[in-house]
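Colleague:
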Amino acid sequence: MRLCLLRHAPLPAGSGLAGRRDLSAHFPDPAALEALKSRLARESFDHIWSSPAKRCRETCAALGVSPVIQPDLWEQSFGAWEGLAPDQICDLGPLSTEALAAHCPPEGESFLQMAARVRPMLEAASGTTLIVAHAGTVRAALAMVVGPAALSFSVAPLSLSVLDGTVGSWSIGSVNWTG
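In structure tokens:
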């Protein structure tokens, strides 16, 4: 089984934490989009899934793919922090990776809660599956291999990460490929 996880196109500058806000994607770099199309053309996908977020659906349209919308692939809810820039979020002080993964923003969900919501969807995939979703979704998949340390991975807009394996036995093929 192969999971090809694509983070949606960038958001407009100044969007802050997007989370569950249904923002449009921004496509400032046509060359990056073309490189990604070329990379995806080398795969034969058995399934193409997308978060229902507008930015993900717009990314699929720009790539010319028709996904099945999967509501469980929504990004982590950042609750009261949505729309805020990182420097506007209250100072949590130093947190271990495990504590950060378990931390729940006010009125939101923790990374662990989001990963628990997404994981059954990832494990239900078969064959080669393209998933167009969010940085949190990509990190949830990486967490199947490295646990909460997945929060330390940078996940760029329009980047592709690949996991190969079976349920319970995954390996990371690539992370954050941007062409």
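Take any residue in the sequence shown, note its place counting from 1, add 8, and you have its number in this note's numbering.
Yeah, the Cβ is synthetic: ideal placement off N, Cα and C, and Gly gets one too.
Inspect the beta-carbon positions of C12 and L138 and report whether they are closer than 7 angstroms.
Modeller: Working through the sequence shown from its first residue, we reach residue 12 at position 4. Working through the sequence shown from its first residue, we reach residue 138 at position 130. Their beta carbons are under 7 angstroms apart, which means C12 touches L138 by this criterion.
Colleague: Have a look at the DSSP bridge pairing and note the partners of R10.
Modeller: Counted from its first residue, the sequence shown places residue 10 at position 2. Per DSSP, T136, D172.
Colleague: Please name the residue in T174, C98, R65, A17 whose C-alpha comes closest to that of L44.
Modeller: The count along the sequence shown starts at 1 and reaches residue 44 at position 36. Out of T174, C98, R65, A17, A17 has the C-alpha closest to the C-alpha of L44.
Colleague: Using DSSP with H/G/I as helix, E/B as strand and the rest coil, what is R28?
Modeller: Position 20 of the sequence shown, counted from the start, is the residue given in the question as residue 28. Residue state, collapsed to three classes: coil.
Colleague: Have a look at V183 and A158 and give me their C-alpha separation to the nearest angstrom.
Modeller: If you number the sequence shown from 1, residue 183 lands on position 175. If you number the sequence shown from 1, residue 158 lands on position 150. If I take the Cα positions, the gap works out to 11 angstroms.
Colleague: Tell me the rounded alpha-carbon separation between P114 and W89.
Modeller: Residue numbering aside, residue 114 sits at position 106 when the sequence shown is read from its first letter. Residue numbering aside, residue 89 sits at position 81 when the sequence shown is read from its first letter. Approximately 7 angstroms between the Cα atoms of the pair.
Colleague: Is it buried or exposed for A33, if we count other Cβ within 10 angstroms and need 16 for buried?
Modeller: Here residue 33 corresponds to residue number 25 of the sequence shown, with the count starting at 1. Classification for A33: buried.
Colleague: With DSSP collapsed to three states, give me the class of S167.
Modeller: By one-based count along the sequence shown, residue 167 stands at place 159. Residue state, collapsed to three classes: coil.
Colleague: Check this for me: beta carbons of P165 and R15, under 7 angstroms apart or not?
Modeller: For the purposes of this step, residue 165 is taken as the residue at position 157 of the sequence shown. For the purposes of this step, residue 15 is taken as the residue at position 7 of the sequence shown. It is a contact, given that the beta carbons lie within the stated cut-off.
Colleague: Taking C-beta to C-beta, are A141 and L71 nearer than 7 angstroms?
Modeller: Looking up residue 141 in the sequence shown gives position 133. Looking up residue 71 in the sequence shown gives position 63. At least 7 angstroms separates the beta-carbon of A141 from that of L71.
Colleague: Taking the beta carbon of C98 as the centre, do at least 16 other beta carbons fall within 10 Å, making it buried, or is it exposed?
Modeller: As a position in the sequence shown, residue 98 is number 90, starting the count at 1. Result: exposed.
Colleague: Given this structure, state the Cα-to-Cα distance separating G173 from D54, to the nearest angstrom.
Modeller: On the sequence shown, residue 173 is found 165 positions in, with the first residue counted as 1. On the sequence shown, residue 54 is found 46 positions in, with the first residue counted as 1. Their backbone Cα atoms lie some 15 angstroms apart in a straight line.
Colleague: Can you tell me the Cα-Cα spacing of R133 and A39, whole angstroms?
Modeller: Working through the sequence shown from its first residue, we reach residue 133 at position 125. Working through the sequence shown from its first residue, we reach residue 39 at position 31. The identity of residue 133 in the sequence shown is Ala, whereas the question assumes Arg. Their Cα atoms are separated by approximately 30 angstroms.
Colleague: What are the start and end residues of the beta strand (DSSP E) that includes V183?
Modeller: Here the question's residue 183 lines up with position 175 in the sequence shown. Counting along the chain, the beta strand (DSSP E) containing V183 begins and ends at 177-185.
Colleague: Can you round the beta-carbon distance between P60 and P79 to whole angstroms, since I take them to be within the 8 angstroms contact cut?
Modeller: Counting from one through the sequence shown, the residue named residue 60 turns up at place 52. Counting from one through the sequence shown, the residue named residue 79 turns up at place 71. P60 to P79, Cβ: 6 angstroms. Contact.
Colleague: To test your reading of the DSSP string, which unbroken beta strand (DSSP E) runs of 3 or more residues are found completely within the stretch 48-87?
Modeller: 55-58
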